[in-house]
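Trainee: Handing you a structure now.
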Amino acid sequence: MSELLSVFQRCGIEPGEYQGGSLAVRSPVDGAELARLHETPASQMNEIISKSKAAFLKWRTVPAPVRGELVRLWGEELRQAKKDIGYIVSIEVGKIIEEGQGEVQEGVDICEFALGQSRQLCGKTIVSERPGHRIMEQYHPLGPVAVITAFNFPSAVFAWNAALALVCGDPVIFKPSEKAPLSGLATFKALERAIARFGNKAPEGLAQIVIGKAPLAEALVESPSIPLISATGSTRMGRAVGPKVASRFGKRILELGGNNAMVVTPAADLDMALRAILFGAVGTAGQRCTSLRRLIVHRSVKDALLQKLLKAYSTLRIGNPLTSGTLVGPLIDEDAYNALQKSIAAAKEQGGKVLIGGERTLEQEFPKGFYVHPAIVEMPEQTAIVRHETFAPLLYVLTYDDFDNAIEVHNDVPQGLSSCIFSNDMREVETFISAAGSDCGMANVNIGPNGAEIGGAFGGEKETGGDRESGSDSWKQYMRRTTNTINYSTELPLAQGISFF
751 MSELLSVFQR CGIEPGEYQG GSLAVRSPVD GAELARLHET PASQMNEIIS
801 KSKAAFLKWR TVPAPVRGEL VRLWGEELRQ AKKDIGYIVS IEVGKIIEEG
851 QGEVQEGVDI CEFALGQSRQ LCGKTIVSER PGHRIMEQYH PLGPVAVITA
901 FNFPSAVFAW NAALALVCGD PVIFKPSEKA PLSGLATFKA LERAIARFGN
951 KAPEGLAQIV IGKAPLAEAL VESPSIPLIS ATGSTRMGRA VGPKVASRFG
1001 KRILELGGNN AMVVTPAADL DMALRAILFG AVGTAGQRCT SLRRLIVHRS
1051 VKDALLQKLL KAYSTLRIGN PLTSGTLVGP LIDEDAYNAL QKSIAAAKEQ
1101 GGKVLIGGER TLEQEFPKGF YVHPAIVEMP EQTAIVRHET FAPLLYVLTY
1151 DDFDNAIEVH NDVPQGLSSC IFSNDMREVE TFISAAGSDC GMANVNIGPN
1201 GAEIGGAFGG EKETGGDRES GSDSWKQYMR RTTNTINYST ELPLAQGISF
1251 F
């Protein structure tokens, strides 16, 4: 605990912030209480939103490349605090050390991306049908952006959104998950230090954080003063958030469920596929939205692949995520463990055979920590439970004979986040990434469903939400577009050849 307190101090989290509050934060590592944070009173939400509105009026007039300088400074602060914030992520969420620090690196990367983007917030010039006219598009700052995050990526997802929002001219209000508020707070403190270094060009209220539970998120979602809500979480959460934002004609970025699959064909490199399966299915104890949940493997290579996979699963190092060499840490809480057991029971009822794992482990060492052996369940077909996302290290194995059938099975789930194929057959690969192939927002070749880089847009289709964040042209969601027609002639011709005079 003394080490954690030192980390808090270096991250700028004061004792008055993590002591004496009503929100108890417990570590999934051993169930120990890490902090008691003070929750933001619901009565203050209107004032917080008003501050953000006032900040917008000033921030939108700061040139975008200058706004980019603030994000550059934030990237520096994150890089400097990477080890400490990563430690908090590990102890608060249960990620192994490498993954905890890797998450903070995502924040560094998006700051670098957003810095470059600050000089590329450009529209188009479009030819006009009328002489002496031209048409152009511009992108302008949108307004305050609320960022509501989930426990499994408590640092990176805020950075993805806030870095782009800030360079686009938008203030941010951050509502971290009540299951992992310390990681979010440490990431926010790095932004506060960057703002202090940036100076008085940053208006008061440019970046704010609210700590607490669902009512705070609801206040942000329902406020007409916040034109964009970015919310990451379950499909159930998305079904509640989406209609509320739509009812007030707001914009949303929803990152919801993922039931990601890998298709392994006879033309696959099985050793490469094995490594991708391991990281995809058991990394973060299966608690990523991009975790591998379904393995669709050709009958001719199934036995060989499963033999390798079961051997690898039997040697996985499960334990304290802060210990070097650990590969699988704990589930976030008891509810996650119970959900895993419920899914395994349902899979058995639906004809599944448990090949390995699923049972709890390390109970003597960590009686309040929920560690499990990652499970593999072979299914006779894609049943109801397979189509349901279980947020745990549970991998279903399905067999196919015909490639078209593999695609059909792959797409026959409600979720559509990430997907991948392992094959060295050009026809199979090109079909998988074509319009007739994977229906997911991300389709990978000879790499697992996770490991998305900052440069590409992140997000999925169907019940995943249909929205995008992070790289590519995702910045456009944080801005409003105007189309301008400019007449530099001495005439006033109307479009479509209309004569009105």
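To convert, take the position in the sequence shown, counting from 1, and add 750; that gives our numbering. Think of the CB as a built atom: it goes at the ideal place given N, C-alpha and C, for glycine as much as any other residue. Predicted model only: the values in this text are computed from it and were never measured.
From lysine 874 to glutamate 887, what does the alpha carbon distance come to, in whole angstroms?
Mentor: Going by the C-alpha atoms only, they are around 5 Å apart.
Trainee: What's the gap between the Cα of leucine 1024 and the Cα of threonine 1015?
Mentor: Cα-Cα distance, rounded: 13 Å.
Trainee: Identify whether glycine 882 lies in helix, strand or coil by the three-state DSSP scheme.
Mentor: Glycine 882 falls in the coil class under three-state DSSP.
Trainee: From Ala930, Gln794, Leu871, Gly781, pick the residue whose C-alpha is nearest to that of glycine 850; which is it?
Mentor: That would be Ala930, whose Cα lies nearest to the Cα of glycine 850.
Trainee: Buried or exposed for isoleucine 976, please, with buried defined as at least 16 other CB atoms from any protein chain shown within 10 angstroms of its CB.
Mentor: So isoleucine 976 ends up on the buried side.
Trainee: Within the same chain, show all residues whose beta-carbon is closer than 7 Å to that of alanine 951, passing over the 5 residues directly before and after it, in chain order.
Mentor: According to the sequence shown, residue 951 is lysine rather than alanine. Answer for lysine 951: Val812, Val816, listed in chain order.
Trainee: Any idea if leucine 1148 is buried or exposed, counting beta-carbon neighbours within 10 angstroms, 16 or more meaning buried?
Mentor: With 16 or more Cβ atoms within 10 Å of its Cβ, leucine 1148 is classed as buried.
Trainee: Using CA atoms only, rank isn't needed, just tell me which of Ser1239, Arg1218, Gly1205 is closest to glycine 866.
Mentor: Comparing Cα-Cα distances from glycine 866 to each of Ser1239, Arg1218, Gly1205, the minimum goes to Gly1205.
Trainee: Alpha carbon to alpha carbon, how far is alanine 906 from aspartate 1217?
Mentor: Approximately 17 Å, taken between the alpha carbons.
Trainee: Could you pull the DSSP bridge partners for tyrosine 1146 from this structure?
Mentor: Partner(s): Arg1044, Val1127.
Trainee: Is there contact between the region 931-940 and the region 832-848, where contact requires at least three CB pairs shorter than 8 Å?
Mentor: Result yes; three or more Cβ-Cβ pairs closer than 8 Å.
Trainee: Check whether the Cβ atoms of alanine 1011 and leucine 1042 lie closer than 9 Å to each other.
Mentor: Result yes, Cβ atoms of alanine 1011 and leucine 1042 sit closer than 9 Å.
Trainee: Can you check the region 752-789 for any beta strand (DSSP E) of at least 3 residues that lies completely inside it and give the ranges in chain order?
Mentor: Counting only runs of 3 or more, we get 773-776, 783-787.
Trainee: DSSP puts serine 997 in a beta bridge; with which residues?
Mentor: According to DSSP, which records beta bridges pairwise, serine 997 is partnered with nothing at all.
Trainee: Label glutamate 1084 either buried or exposed according to how many other C-beta atoms from any shown protein chain fall within 10 Å of its C-beta, with 16 as the threshold for buried.
Mentor: Looking at its Cβ environment, which holds fewer than 16 other Cβ atoms inside 10 Å, glutamate 1084 is exposed.
Trainee: For the region 1079-1097 and the region 1050-1067, state whether three or more C-beta atom pairs, one from each stretch, are separated by less than 8 Å.
Mentor: Too few Cβ pairs lie closer than 8 Å, so no.
Trainee: In its own chain, which residues sit with a C-beta less than 6 Å from the C-beta of proline 965, not counting the 5 before and 5 after it?
Mentor: Taken in chain order, the residues that qualify are Ala792.
Trainee: Mark cysteine 861 as exposed unless 16 or more other C-beta atoms lie within 10 angstroms of its C-beta, in which case mark it buried.
Mentor: Counting Cβ neighbours within 10 Å, cysteine 861 comes out buried, since at least 16 surround it.
Trainee: In the DSSP output, what is phenylalanine 1172 paired with across the bridge?
Mentor: Answer by DSSP bridge pairing, in chain order: Val1014.
Trainee: So, helix, strand or coil for tyrosine 1238, using DSSP?
Mentor: Three-state DSSP puts tyrosine 1238 in coil, outside helix and strand.
Trainee: Rounded to whole angstroms, what's the CA-CA distance from histidine 883 to threonine 1240? Just pull it up for me.
Mentor: Rounded to the nearest angstrom, the two C-alpha atoms are 10 Å apart.
Trainee: Inspect the beta-carbon positions of glycine 844 and isoleucine 1082 and report whether they are closer than 9 Å.
Mentor: Yes, they are a contact pair.
Trainee: Hey, leucine 1066 and isoleucine 945: beta-carbon distance below 9 Å or not?
Mentor: Taking 9 Å as the Cβ cut-off, leucine 1066 and isoleucine 945 do not qualify as a contacting pair.
Trainee: Starting from lysine 925, follow the alpha helix (DSSP H) in both directions and report where the run begins and ends.
Mentor: Taken as a continuous stretch (DSSP letters only), lysine 925 belongs to no alpha helix (DSSP H), being part of the beta strand (DSSP E) at 922-925.
Trainee: Could you round the C-beta distance between alanine 1035 and valine 1104 to whole angstroms and report it? I think they count as a contact, below 8 Å.
Mentor: Their Cβ separation, rounded to whole angstroms, is 18 Å, which puts alanine 1035 and valine 1104 out of contact at 8 Å.
Trainee: Given glutamine 1132, which residues of its chain have a CB within under 7 Å of its CB, disregarding the five upstream and five downstream residues?
Mentor: Excluding positions up to five away in sequence, the list reads Leu1148, Val1159, Asp1162.
Trainee: Alpha carbon to alpha carbon, what distance is there between isoleucine 1003 and lysine 803?
Mentor: When rounded, the distance between both Cα atoms is 20 Å.
Trainee: Are the CB atoms of glycine 1008 and glutamine 1246 nearer to each other than 9 Å?
Mentor: No, these two residues do not count as a Cβ contact at 9 Å.
Trainee: Would you identify the three-state DSSP class for glycine 836, choosing helix, strand or coil?
Mentor: Glycine 836: helix per DSSP, three-state reduction.
Trainee: For the beta strand (DSSP E) that serine 980 lies in, which residues bound it at each end?
Mentor: From DSSP, the beta strand (DSSP E) with serine 980 extends over 978-982.
Trainee: Going by the CB atoms, is the gap between glutamate 789 and isoleucine 961 shorter than 9 Å?
Mentor: Yes, they are a contact pair.
Trainee: Do valine 775 and glutamate 764 have their C-beta atoms within less than 9 Å of each other?
Mentor: No. Outside cutoff.
Trainee: Excluding five sequence neighbours on each side, which residues of the same chain lie with their C-beta closer than 7 Å to the C-beta of threonine 1111?
Mentor: The answer, listed in chain order, is Ile1068, Tyr1121, Val1122, His1123.
Trainee: Write down the C-beta distance between threonine 1040 and proline 1199 rounded to the nearest angstrom, noting that I regard them as a contact closer than 8 Å.
Mentor: Going by Cβ atoms, the distance from threonine 1040 to proline 1199 rounds to 5 Å, so yes, they are a contact pair.
Trainee: Could you pull the start and end residues of the beta strand (DSSP E) that isoleucine 876 belongs to?
Mentor: Taken as a continuous stretch (DSSP letters only), the beta strand (DSSP E) holding isoleucine 876 covers 875-877.
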